[in-house]
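S.K.: Before we start, here is the structure in question, set down as structure tokens.
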Amino acid sequence: MSSNKTHHGPVCLSGRGVTKVYGFGSRKTVAVDHVDFDFYEGEIVSIVGESGSGKTTLAKMLLGLTSVTEGQIYYQGKPRDIRTRKKKKEYWTNVQAIFQDPFSSFNVFSKIDTVLLDCINMRGGRHLPRDKKIELMTEACSFVNLKFEELTNKYPFELSGGQMQRLMIARIFLLKPKVLLADEPTSMIDACSRATILDMLMNLRKETGMTIIFITHDIGLAYYVSDSVYIMEQGKIVEYGSADEVILNPKTYNTKRLISDVPKIYEVWDLSTV
Ligand SMILES: Nc1ncnc2c1ncn2[C@@H]1O[C@H](COP(=O)(O)OP(=O)(O)OP(=O)(O)O)[C@@H](O)[C@H]1O
Ligand SMILES: [Mg+2]
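Under the numbering used here, think of the first position of the sequence shown as 8, with each following residue one higher.
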């Protein structure tokens, strides 16, 4: 695939002809239809499309949570292999996700310190002394403006929606995956925490160089946060390129319509209005 977008590094995650078909016969849905993509190391990519266009299905395939009906996903240049439990676990230390509903992402019976300790253990820190582990957890919490001392012995369901979102980012801070998939991480929280969380994700990219794949309906948001943009429509990628190319110079009717829903797209984004 060729494109004149600016690259940050080598290709990290890519796909050729990636397809997902749910059901059979008259109940068949082609949720993702032969899509090609190249996500580069350290870039923020947005996948934008209307409800039902196949965004979450693509994210689930990228994560290995659902099978790929046809086509191939490549991780760091090689066909992705997650056929064994061990390989899948290894893949998941590198490719992590934040979901629409943070409550579904945690084991509700684990206390917050356990949630964070698990991340340290997954990153090979199992044998670190206890005070070092506490230092790491405290650092991760302060990165997202949470106080670790106030969280110990609490359960995830005792947090507010915004605190929960930030706890998810603290986990990512500890796990330091190569790729982070964020499926509409901002939809359930207020505008103020939304801006803060976007800022945290962008800082995370700056600090760790991780690739962030953002899934959203909001093309204005996509323009604000991303280097590259992919537009999905009925399971297909209908347009892609740098955020400027796609959003300031849209080629398809669908993209033009998505943009016309955002009156202030051409103005400089002011975080206070996100
Ligand atoms: N488990 C499933 N079984 C059958 N069909 C499914 C399943 N999951 C999704 N679909 C169908 O696949 C299509 C794409 O759904 P998907 O959830 O990927 O859309 P989306 O772009 O994430 O939408 P939204 O913006 O509303 O989250 C839809 O037609 C949906 O009904
Ligand atoms: Mg979705």
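The beta-carbon is built from N, C-alpha and C at its ideal position, and this holds for glycine as well.
For ALA177, which three-state DSSP category applies?
M.R.: helix
S.K.: Can you give the beta carbon distance from PRO163 to LEU153, rounded, assuming they're within the 8 Å contact cut?
M.R.: No, PRO163 and LEU153 are not in contact; Cβ-Cβ is about 12 Å, not under 8 Å.
S.K.: Under a Cβ-count criterion, where at least 16 other Cβ atoms within 10 Å of its own Cβ denotes burial, should LEU255 be classed as buried or exposed?
M.R.: exposed
S.K.: Under 7 Å between the Cβ atoms of LYS185 and ASN101?
M.R.: Yes. Within cutoff.
S.K.: Short of 6 Å in beta carbon distance, which residues of its chain neighbour ASP234, apart from the five on each side in sequence? Order them along the chain.
M.R.: Same-chain partners within the cutoff: GLU50, ILE51.
S.K.: Return yes when the Cβ of VAL42 is within less than 7 Å of the Cβ of THR64, no when it is not.
M.R.: no
S.K.: Can you look up SER235 in the DSSP assignment and give me helix, strand or coil?
M.R.: strand
S.K.: For SER10, which of helix, strand or coil comes out of DSSP?
M.R.: Per-residue confidence for SER10 stands at a pLDDT of 41, beneath the threshold of 50, marking its modelled position as unreliable; no derived number is given.
S.K.: What is the C-beta distance between LEU70 and LEU188, in whole angstroms, given that I count them as a contact (C-beta under 8 Å)?
M.R.: 6 Å
S.K.: What residues in its chain sit with their C-beta under 7 Å from that of GLY78, if we drop five residues either side in the sequence?
M.R.: GLY22, ARG23, GLY24, VAL25, THR26, HIS41
S.K.: Could you say which of MET217, TYR82, LEU143, ASP138 lies nearest to LEU20 if we only look at CA atoms?
M.R.: TYR82
S.K.: Answer with buried or exposed for SER267, where buried requires no fewer than 16 other C-beta atoms within 10 angstroms of its C-beta.
M.R.: exposed
S.K.: Return the Cβ separation of ILE238 and VAL245 in integer angstroms, given the expectation that the two are a contact with Cβ distance under 8 Å.
M.R.: 5 Å
S.K.: Would you call the stretch 51–62 and the stretch 219–230 touching, i.e. three or more CB-CB distances under 8 Å?
M.R.: yes
S.K.: Output needed for PHE155: all residues of its chain with C-beta closer than 7 Å, excluding positions within five of it in sequence on either side, in chain order.
M.R.: MET144, THR145, CYS148
S.K.: From the beta carbon of ASN128, is the nearest beta carbon of chain C less than 7 Å away?
M.R.: In the displayed structure, chain C is absent; only one protein chain is listed.
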